[in-house]
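Taking the numbering used here, the leading residue of the sequence shown gets 40, the next gets one more, and so forth. Using N, Cα and C, we set each Cβ at its ideal position, and we do this for glycine too.
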Amino acid sequence: MNKPPKVETSATEDPPGCGGSGRAPTTRSYAPDGFAKALEHANRRKRQFDEHVKPLSFQPGDLVQCYDARWDETHAAKHKLAPRWSGPLCIRSRASNSYELEDLHGNLFASTAHSRLLRLFIPRPNTPLAKYVNSLQQAREQNSAASCPSDPVEASTLPAMPRPETRFPLKREDNTQPK
């Protein structure tokens, strides 16, 4: 009968197949394959994401709503029905994909808000906000870079928007927050 050859090992060497130098070459040979597959998977996910993302671009003066993502991470029952979208806000300026927002009375609301957290505000017909939007569109027909409406709307007729923290305060040391 054929017997496997006897392998002599010294006391300082790892025996083959015990995680020492005998297995290292095969383990190292799998690492580049796994890394290449991870890169391929990441590229495939990025392509799929990029196909479905809609590029958003707002101009100064546009009315938008801002999504409050802080409520996504809380588990308190009183926050479950909290409104996630703010009231109407005005774009003050733009820096790449982020925008500076102000409320309708000109007070700073957010110094930076990413475009993915914004959506265009569509006012109800026959309201002061609808008049503002129509007037802004008319001004942009004459000058594409216009940021103010051609027919100014009185600030007293515009709704006052409370900050979300005043409606639903979110404590920083909230026990329902994940740590």
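Look at the alpha carbon of residue i and the alpha carbon of residue j, and state the distance between them as a whole number of angstroms.
i, j, result
"residue 133", "residue 195", "27 Å"
"residue 187", "residue 100", "6 Å"
"residue 110", "residue 173", "33 Å"
"residue 75", "residue 90", "23 Å"
"residue 131", "residue 71", "49 Å"
"residue 82", "residue 168", "43 Å"
"residue 78", "residue 92", "21 Å"
"residue 105", "residue 192", "22 Å"
"residue 152", "residue 140", "7 Å"
Check the DSSP bridge columns for residue i and list the partner residues they point to.
i, result
"residue 103", "128, 159"
"residue 133", "138"
"residue 153", "137"
"residue 147", "141"
Following the continuous alpha helix (DSSP H) through residue i, name the residue where it begins and the one where it ends.
i, result
"residue 193", "Taken as a continuous stretch (DSSP letters only), residue 193 belongs to no alpha helix (DSSP H), as it is neither H nor E."
If I follow the unbroken beta strand (DSSP E) through residue i, where does it start and stop?
i, result
"residue 168", "Counting along the chain, residue 168 falls outside any beta strand (DSSP E), though it belongs to the alpha helix (DSSP H) covering 167-181."
"residue 199", "From DSSP, residue 199 is part of no beta strand (DSSP E); its letter is neither H nor E."
Going by C-alpha distance, which of the options is nearest residue i?
i, options, result
"residue 127", "182, 119, 160, 150", "160"
"residue 183", "152, 197, 97, 84", "97"
"residue 95", "121, 155, 119, 83", "155"
"residue 144", "73, 115, 129", "129"
With a threshold of 9 Å between beta carbons, is residue i in contact with chain D?
i, result
"residue 197", "Reference to chain D is not applicable here, since this structure consists of a single protein chain."
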